[in-house]
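Number of protein chains: 2
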Amino acid sequence: MPRKKKSSNDSAPAAPSIRSSLPKSNARVRRRSLRLHGSIARDLGILIVSGRYKPGELLNGEIAASDRLHVSRGAYREAMRILAAKGLVESRPKVGTKVSQPERWHLLDPDVLSWIFEFEPDEKLLSNLFELRRIIEPGAAALAAERRTNAHLEMMSRALDGMAKYTLADEAGRLADQEFHSALLSASDNAFLMTLTTGVGAAVSWTTIFKQRDNPLARDPMPDHRKVYEAVKASDPAAAHKAMMNLVDLAFLDTTNVSKRKKTGK
Amino acid sequence: MPRKKKSSNDSAPAAPSIRSSLPKSNARVRRRSLRLHGSIARDLGILIVSGRYKPGELLNGEIAASDRLHVSRGAYREAMRILAAKGLVESRPKVGTKVSQPERWHLLDPDVLSWIFEFEPDEKLLSNLFELRRIIEPGAAALAAERRTNAHLEMMSRALDGMAKYTLADEAGRLADQEFHSALLSASDNAFLMTLTTGVGAAVSWTTIFKQRDNPLARDPMPDHRKVYEAVKASDPAAAHKAMMNLVDLAFLDTTNVSKRKKTGK
DNA sequence: CTCCGTTATATTGTCCGACAATTATGTGCG
DNA sequence: CGCACATAATTGTCGGACAATATAACGGAG
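If you read the protein sequences in the order shown, they are chains A and B. Using our numbering, the letters of the first sequence correspond one by one to residues 1 to 266. Using our numbering, the letters of the second sequence correspond one by one to residues 1 to 266.
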């Protein structure tokens, strides 16, 4: 009897059977749409990007790991393929599956990014992400000013209305904020810039999270956003570039101010 | 007998057995390090990004597809997981696996990018990639000017030596070119910018490919590169930004000039 | 006739057990 | 001392069964 399955009270008392009929708080049932392999990939991915598994570290063998998780080896292997496809692990026969060096991680992959920001983000990584925004978004705004269609302007305008109506204290307002930046990247009409929407969105959302949590009465973001919109509407690339850079700088200052206050004051 | 396997002369006469002992020109044996699932993912990925399979199109069922390819269903499924992880396909029970809309593709994923550029690249996508370079690299150069260590300078210097020694007509020279840009992104000390190395590298390599193929006596790229290097060495962000933008602009002009010549002249 | 719940069904999802392929490591021979 | 070779450990592939899921067809109630 090499592999036990579905026995209610077997040798692993603290590990509830994943497929038991009452798995309420089990970590692997959060995303209902995620299949088993997806859940495993997500859980393991989070452990990797959070540093719980160190780069270069050798993971357990497939039989041992799948056995410990009470899943079939096939499902576990599919999870490995997902993680390998995102650059988090590398598998080789006879040697095993090891965690890749962080340089090889696909940090801009939407899943990897969401796994990273599942918990309080690393400070340096967050500032790196803002640096990226500061480089990407002004350039994208300039392109958007040249290429935007009326449809894009309308999307951006609606997003601005939503931001003004709900404010960043409301989920709808935060969504509108992200939609504004997403619409702007779409207006740049560049497929590669559009794929960066997830990254920009993550940075945007963490800005507002920090602000709302520690400093709810902070600066009104509407003027900056409107300036960007006006410049794009006026088809003025230079002005759009400048306005967007100003916006990102102010947003970054918001988060760093909050961070500083958390360290010194509290 | 629902599934036939390994019968030499069955109902699929034109499909040679993948695991036969003499698979010389078979498309699936190119990358020796790629496993079966990796080869399938690569082949199918290329078919998708090249438009052979249209977005929204429903792929064959797993049993039918794996049967047609003469591989096990498990291997085929692992390939699907890889493609799904890169945003190329989406699977749902009862409905099947369909090709995702291009907006969802992870274009900056190294594999996806290499699959795209497996064949002559789409003109618009290539220009989009240059737009990205034009936005990313100047900003990265500015950061690199502030943060570069001596080790980075040495890497860049060695890369410049290699470019001068071998020229872009030689493989070693092209490699040195990529190493220069890679080292500069590393010097920016930003994890997200570093992940864009692949994308920049693809654009760089296609520049030189076009130039060498259609216009071997073109402009010498060394002066532009040296200017960037000097500015980074001097810790002058503004100068580095300017020099790098100039470099990218000239490189982009090279490719467009070649394209134009190909269309008009020839 | 329309709407809604139910059932049928096709497809992916998961499981299991066996064997093949690959390669790091040790071993023996020259 | 170095190189060919055997060994072993791990991933890779296979095949066949059953479960879960979501679309679509169906039928009954209003």
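From the three backbone atoms N, C-alpha and C, an ideal C-beta is built for every residue, glycine too.
Exposure label - residue i; buried when at least 16 CB within 10 Å
{"i": "Phe117 of chain B", "result": "buried"}
{"i": "Ile63 of chain A", "result": "exposed"}
{"i": "Ala234 of chain B", "result": "exposed"}
{"i": "Asp161 of chain A", "result": "exposed"}
{"i": "Glu230 of chain B", "result": "exposed"}
{"i": "Glu78 of chain B", "result": "buried"}
{"i": "Asp220 of chain A", "result": "exposed"}
{"i": "Thr195 of chain B", "result": "buried"}
{"i": "Phe119 of chain A", "result": "exposed"}
{"i": "Glu137 of chain B", "result": "buried"}
{"i": "Glu171 of chain A", "result": "exposed"}
{"i": "Gly56 of chain A", "result": "exposed"}
{"i": "Leu22 of chain B", "result": "The pLDDT assigned to Leu22 of chain B is 34, lower than 50, so where the model puts this residue is not dependable, and the model offers no usable value."}
{"i": "Lys6 of chain A", "result": "Unreliable placement is indicated for Lys6 of chain A, whose pLDDT of 38 sits below 50; no coordinate value is reported for it."}
{"i": "Arg52 of chain B", "result": "exposed"}
Min CB distance residue i to chain B below 8 Å
{"i": "Phe119 of chain A", "result": "no"}
{"i": "Asn150 of chain A", "result": "no"}
{"i": "Lys233 of chain A", "result": "no"}
{"i": "Ile48 of chain A", "result": "no"}
{"i": "Gly74 of chain A", "result": "yes"}
{"i": "Asn246 of chain A", "result": "no"}
Backbone CA spacing between residue i and residue j [nearest angstrom]
{"i": "Ala203 of chain A", "j": "Glu154 of chain A", "result": "24 Å"}
{"i": "Thr207 of chain B", "j": "Arg133 of chain A", "result": "26 Å"}
{"i": "Glu123 of chain A", "j": "Phe210 of chain A", "result": "12 Å"}
{"i": "Arg158 of chain B", "j": "Phe180 of chain B", "result": "8 Å"}
{"i": "Pro237 of chain A", "j": "Lys165 of chain B", "result": "41 Å"}
{"i": "Gly96 of chain A", "j": "Pro223 of chain B", "result": "47 Å"}
{"i": "Arg92 of chain A", "j": "Gly61 of chain A", "result": "11 Å"}
{"i": "Ala169 of chain B", "j": "Ser182 of chain B", "result": "20 Å"}
{"i": "Val200 of chain B", "j": "Gln212 of chain B", "result": "18 Å"}
{"i": "Ala84 of chain A", "j": "Leu47 of chain B", "result": "21 Å"}
{"i": "Asp214 of chain A", "j": "Leu253 of chain A", "result": "14 Å"}
{"i": "Met80 of chain A", "j": "Pro110 of chain A", "result": "17 Å"}
{"i": "Ser100 of chain A", "j": "Lys86 of chain A", "result": "10 Å"}
{"i": "Ser66 of chain B", "j": "Met245 of chain B", "result": "49 Å"}
{"i": "Ser50 of chain A", "j": "Thr256 of chain B", "result": "44 Å"}
{"i": "Arg73 of chain B", "j": "Val112 of chain B", "result": "23 Å"}
{"i": "Ala280 of chain B", "j": "Ile82 of chain A", "result": "There is simply no residue 280 of chain B to check, as chain B begins at 1 and stops at 266 in what is shown."}
{"i": "His37 of chain B", "j": "His37 of chain A", "result": "16 Å"}
Interface partners of residue i on chain A, CB under 8 Å
{"i": "Met194 of chain B", "result": "Glu103"}
Contact list for residue i against chain A, beta-carbon separation under 7 Å
{"i": "Arg77 of chain B", "result": "Glu78"}
{"i": "His106 of chain B", "result": "Asp109, Thr195"}
{"i": "Ile136 of chain B", "result": "Ile135"}
Residue i: first and last residue of the uninterrupted beta strand (DSSP E) it sits in
{"i": "Val99 of chain B", "result": "96-99"}
{"i": "Arg92 of chain A", "result": "89-92"}
Partner residues on chain B for residue i, Cβ-Cβ distance less than 9 Å
{"i": "Ala271 of chain A", "result": "Nothing can be reported for residue 271 of chain A: it is not among the residues displayed for chain A, which extend from 1 to 266."}
{"i": "Asn128 of chain A", "result": "Asp189, Asn190, Ala191, Phe192, Leu193"}
Heavy atom of the ligand ZN within 7 Å of residue i beta-carbon
{"i": "Ser114 of chain B", "result": "Summarising the ligand content, the structure contains no ligands, and the ligand ZN is consequently not present."}
Alpha helix (DSSP H) segment containing residue i, residue limits
{"i": "Glu154 of chain B", "result": "150-166"}
{"i": "Ala142 of chain B", "result": "123-147"}
{"i": "Gly61 of chain B", "result": "No alpha helix (DSSP H) contains Gly61 of chain B, which DSSP labels as neither H nor E."}
{"i": "Tyr76 of chain A", "result": "73-85"}
{"i": "Lys233 of chain B", "result": "222-233"}
{"i": "Lys211 of chain A", "result": "197-214"}
{"i": "Ala169 of chain B", "result": "That residue, Ala169 of chain B, is in no alpha helix (DSSP H); it is neither H nor E in DSSP."}
{"i": "Pro110 of chain A", "result": "110-116"}
{"i": "Gly51 of chain A", "result": "Element bounds for Gly51 of chain A: n/a, residue is neither H nor E."}
Closer than 8 Å to chain A by CB, residue i
{"i": "Arg147 of chain B", "result": "no"}
{"i": "Arg68 of chain B", "result": "no"}
{"i": "Glu230 of chain B", "result": "no"}
{"i": "Leu125 of chain B", "result": "yes"}
{"i": "His37 of chain B", "result": "yes"}
{"i": "Leu143 of chain B", "result": "yes"}
{"i": "Gly201 of chain B", "result": "no"}
{"i": "Ala85 of chain B", "result": "yes"}
{"i": "Gly139 of chain B", "result": "yes"}
{"i": "Glu179 of chain B", "result": "no"}
Under 8 Å by beta carbon: chain B residues contacting residue i
{"i": "Lys98 of chain A", "result": "What Lys98 of chain A touches in chain B: nothing, since even the nearest Cβ is about 16 Å away."}
{"i": "Leu132 of chain A", "result": "Asn190, Phe192, Leu193"}
Neighbouring residues, chain B, relative to residue i (Cβ below 7 Å)
{"i": "Arg81 of chain A", "result": "His37, Glu78, Arg81, Ile82"}
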